[in-house]
Amino acid sequence: MNQVQYNRIETGKSDPRMNILQRIATVLDINVVDFFEVKNNGTEVHTVNEPLLQTVRLLEELDELQKKFYLQYD
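Under this note's numbering, the residue at position 52 of the sequence shown is numbered 120, and the numbers go up by one with no gaps.
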């Protein structure tokens with residue numbers, strides 16, 4: 069991912085595609101679903117897009133070949 073694309077995602081000007089989320093999660097050593105979990109640290113609460121969260125959870129259950137196929141066409 070180039071710097072311009074990263075900056076657009078970071079500033080909320082663009083939403084990342086699933087394959088980009090997967091790459092970012094891999095680099096951060098987290099699951100994609102971690103991007104969408106609601107966490108309350110006492111100062112901030114993030115909202116959740118439930119349909120998207122369900123899709124991500126289903127994707128994480130796929131085997132590696134299935135993930136590659138899906139991410140190729142996302």
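Each residue gets a CB set at the ideal place from its N, CA and C atoms; glycine is no exception.
Query	Result
Would you decide whether V72 is buried or exposed? Buried here means 16 or more other CB atoms lie within 10 Å of its CB.	exposed
How would you call F104, buried or exposed, if buried means at least 16 neighbouring beta carbons within 10 angstroms?	buried
Helix or strand or just coil, what does DSSP make of I98?	coil
Kindly indicate which residue of I88, G80, M69, E78 has the alpha-carbon position closest to the one of Q140.	I88
Going straight from the alpha carbon of D102 to that of N70, what length do you get?	23 Å
If you draw a straight line from the alpha carbon of E129 to that of I77, how long is it in whole angstroms?	26 Å
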